[in-house]
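Only one structure is covered here, and it is reproduced in the block below.
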Amino acid sequence: MEAVVAFFSPIYILMLAGILGYEIIGKVPVILHTPLMSGTNFVHGIVLVGAMVALGQAVTPLEQAIGFLGVLLGAGNAVGGYFVTERMLEMFKSSKGQEK
Amino acid sequence: MGYLIETVYFLTAALFILGLKRMSHPTTARSGIVWAGYGMVLATLVSFVHPQITAHIIPANYVLMVIAIAIGGAIAWYGAKKVAMTAMPQMIAIYNGMGGGAAAAIAAVELLKDHGSHAAAPATSVLIMAVAGALIGAVSFSGSVVAFGKLQELKFFKDDAKFRFSGQQKVNMVIFASAVLLGLVVAVSHSTSGGLISVFFLLALAFGAMMALPIGGADMPVVISLFNAFTGLAVALEGFVLGNSAMIIAGIIVGSSGTLLTLMMAKAMNRSVSNVLFSNWAALGSGEAQAVTGSLKPMEPPDAAIQMAYASKVIIVPGYGMAVAQAQHKIWEMCKLLIERDVVVKFAIHPVAGRMPGHMNVLLAEAGVPYDLIFDMDEINEEFSTADVALVIGANDVVNPAARTDKSSPIYGMPILNVDHAKNVQVIKRGKGVGFAGIENALFFADNTRMVYGDAQKVAAGMIQGIKDLG
């Protein structure tokens with residue numbers, strides 16, 4: 009039974025996370041499309057974590073080199089994605105007060 | 029340690045989801061990215077003590093890790109902070125490409141790893157996921173780099189037609205099929221041969237570049253969005269390979285939301301995604317385009333300004349020309365003068381104005397335009413008939429009435445802003461050239477249309493002067 013649960017839980021995650029992503033973006037006004045694309049671009053920067061694990065386990069110099077590249081690219085994705093999104097969202101102001 | 033990691037990853041996933049949720053409303057959007065940012069920092073910090081690393085600690089790898097994060101982070105931070113707002117679409121493209129590349133790199137390490145001596149060799153199904161993630165990630169990487177080059181208008185990428193040749197689709201399919209086949213061979217045979225794996229990656233990278241090269245700049249938003257979804261999927265697949273729950277959840281959410289966004293963007297252009305990917309504007313226009321009659325009637329900026337100053341309602345339609353000229357600040361300055369004179373000013377944004385959905389909104393927001401003066405096409409299209417002046421700033425195809433009437437036009441069927449319904453139309457334009465779609469615009473020749481030629485920023489300055497001179 010445990011094996012069955014272990015087999016099915018990733019499939020449940022796949023289904024629920026997939027629906028969630030669909031729902032999150034489905035009701036978004038057009039004005040937020042670019043910032044939100046940038047935001048999701050930041051979220052997949054989590055790949056950095058995987059690259060760190062891959063580099064951490066690297067044994068041969070080749071694995072280390074590729075792992076290094078992976079961490080470098082992943083960090084670029086996460087950091088760049090964050091600041092680009094932040095810069096865009098910083099600019100959303102309403103006409104009712106709250107000037108910078 | 030495992031519990032600590034999983035708890036933090038759980039928190040990170042929750043912060044990502046809540047952050048994205050907050051990002052989907054203008055008033056909370058700013059805090060959304062901060063929430064997601066905290067999640068990322070937490071996950072990164074805790075991953076230094078990930079059990080998969082601490083099982084066999086290799087100190088040199090930690091040094092490499094810190095150096096790589098410092099270099100990658102610093103370059104990306106500098107780029108994101110320094111680049112002009114108009115260049116944001118290509119920055120998204122390049123950071124997305126980096127994510128795809130990182131996913132491919134993870135797969136490469138996993139595939140190359142010699143499990144011969146270890147007891148726990150990965151199952152074939154795991155290797156198939158690694159290969160699939162590698163393929164998608166590599167395609168996203170090279171494709172995004174090409175997209176970046178095109179939007180940055182680098183010389184090499186400039187001429188889309190240069191990259192089109194007959195039988196291109198077939199060549200691309202052969203490259204794709206060979207990459208898939210080779211990937212399956214690697215996965216099924218558990219091969220760790222460097223040569224085989226390198227050829228696989230080269231094929232995948234080539235396919236991504238070949239796919240993006242012939243696509244024109246106007247279609248790039250859809251393509252970048254698609255690659256964004258690809259990267260999400262690649263990250264999720266590598267997450268399954270590593271058993272990393274944060275990667276799985278974040279990757280799937282990005283994959284599904286990115287796919288939906290891509291479909292929404294393609295729909296806004298009245299085209300299917302496959303149509304964007306596998307054909308191009310030039311090949312679409314089959315019949316003779318309807319002849320455009322009438323003449324272009326120029327107008328000086330001060331005269332245009334006077335017409336707006338005495339109007340009761342002005343609708344402004346910004347396009348890519350405004351972005352190129354960085355005119356958003358001057359335009360808003362002019363609008364403020366109009367608002368002081370009790371003119372109702374509204375902004376109308378076509379879903380694909382500029383180079384990305386929402387691109388114009390970002391630029392207007394940068395200039396300080398309150399978002400409640402900015403309207404989507406559906407919200408404002410009825411209002412054009414009550415507007416005294418519609419001011420089109422460097423937009424072309426999105427206001428071309430041929431999309432409604434001319435069946436032979438390549439943009440036929442695309443929803444457009446009903447600018448031609450306004451009492452007067454003013455068009456700020458750099459020259460007499462045609463738009464991205466390469467077709468004439470009957471709107472510019474209409475009786476109630478006046479052309480204000482020049483760089484949008486200079487024209488806006490002239491208009492401001494014109495309004496001020498009225499006293």
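Protein chains in written order, with the numbering used here: chain A, 9 to 108; chain B, 29 to 499. Cβ coordinates follow ideal geometry from the N, Cα and C atoms, glycine included. What you are looking at is a predicted structure, and each value in this text was computed from that prediction instead of being measured.
Close to Lys49(B), with beta-carbon spacing below 8 Å, are these residues of chain A in chain order: Ile32. Exclusion of the five residues before and after Ala205(B) leaves no residue of its chain whose Cβ lies closer than 7 Å to its Cβ. When the alpha-carbon of Gly260(B) is set against those of Met23(A), Gly82(A), Pro43(A), Thr48(A), the nearest one is in Thr48(A). Contacts with chain B at 7 Å (Cβ-Cβ) do not include Glu10(A). Just measuring C-alpha positions, the residue of Thr114(B), Ala115(B), Met113(B), Gly100(B) sitting nearest Gly88(A) is Gly100(B). Taking 7 Å as the cut-off, the Cβ atoms of Phe235(B) and Ile203(B) count as close. When Cβ pairs closer than 8 Å are counted between the two stretches, the segment 325 to 337 of chain B is seen not to touch the segment 297 to 306 of chain B, the count staying below three.
Counting of Cβ neighbours within 10 angstroms places Pro69(A) among the exposed residues, the total staying below 16. The beta carbon of Val79(A) sits closer than 7 Å to some beta carbon of chain B. As a beta-bridge residue in DSSP terms, Asn452(B) pairs with Val417(B). Chain A places no beta carbon closer than 7 Å to that of Lys110(B), leaving this residue out of the contacts. Under the DSSP definition of a beta bridge, Phe403(B) partners with Ala376(B).
A straight-line Cα-Cα distance of about 28 Å links Leu445(B) and Ala112(B). When the five nearest sequence neighbours on each side are left out, the beta carbons in the same chain lying within less than 7 Å of the beta carbon of Ala339(B) are those of Val371, Asp416, Val417, in order along the chain. Per DSSP, the unbroken alpha helix (DSSP H) holding Ile61(B) starts and ends at 57 to 75. Unbroken alpha helix (DSSP H) runs of no fewer than 4 residues, entirely contained in the segment 90 to 147 of chain B, are found at 116 to 140, following chain order. Ranked by how close their Cα comes to the Cα of Met23(A), the residues Ala278(B), Asn256(B), Trp63(B) have Ala278(B) in first place. Burial of Glu138(B) is indicated by the presence of at least 16 other C-beta atoms within 10 angstroms of its C-beta.
Between the alpha carbons of Asp434(B) and Ala14(A) lies a distance of about 58 Å. Around Ser46(A), the beta-carbon contacts reaching into chain B at under 8 Å are Met116, Ile120. Where Tyr90(A) is concerned, there is no enclosing beta strand (DSSP E), although the alpha helix (DSSP H) around it starts and stops at 69 to 98.
Taking one beta carbon from each stretch, the segment 260 to 273 of chain B and the segment 158 to 169 of chain B have 3 or more pairs nearer than 8 Å; the two touch. Taking a cut-off of 8 Å on C-beta distances, the segment 60 to 78 of chain B does not touch the segment 114 to 123 of chain B, as fewer than three cross pairs fall below it. The criterion of a C-beta distance shorter than 7 Å is satisfied by Ile81(B) and Gly64(A). Val174(B): member of the alpha helix (DSSP H) spanning 152 to 179, first to last residue.
The C-alpha of Ala484(B) lies about 50 Å from the C-alpha of Asn272(B). In this structure, the beta-carbon distance from Val427(B) to Val420(B) falls below 7 Å.
For Thr259(B), the residues of chain A that pass the 7 Å Cβ criterion are His52, in the order they occur in the chain. The C-beta of Arg50(B) has 16 or more other C-beta atoms within 10 Å across all chains shown, which makes the residue buried. Interface annotation, His387(B): in contact with chain A, CB-CB separation under 7 Å. Across the segment 330 to 355 of chain B, no CB contact with chain A closer than 9 Å is found for any residue. The CB of Gly286(B) comes closer than 7 Å to the CB of Thr48 in chain A, given here in chain order. Those residues of the segment 81 to 97 of chain A placed with their C-beta closer than 9 Å to a C-beta in chain B are Leu81, Gly82, Ala83, Gly84, Asn85, Ala86, Val87, Gly88, Gly89, Tyr90, Phe91, Val92, Thr93, Glu94, Arg95, Met96, Leu97, ordered along the chain. Proximity of Glu407(B) to chain A, defined by a Cβ-Cβ separation below 7 Å, is not satisfied. Residues Gly67, Leu70 of the same chain have their beta carbon placed closer than 8 Å to that of Leu39(B), with the five preceding and five following residues left out of the count. Among the residues facing chain B, Met23(A) is not included, as its CB has no counterpart in that chain under 7 Å away.
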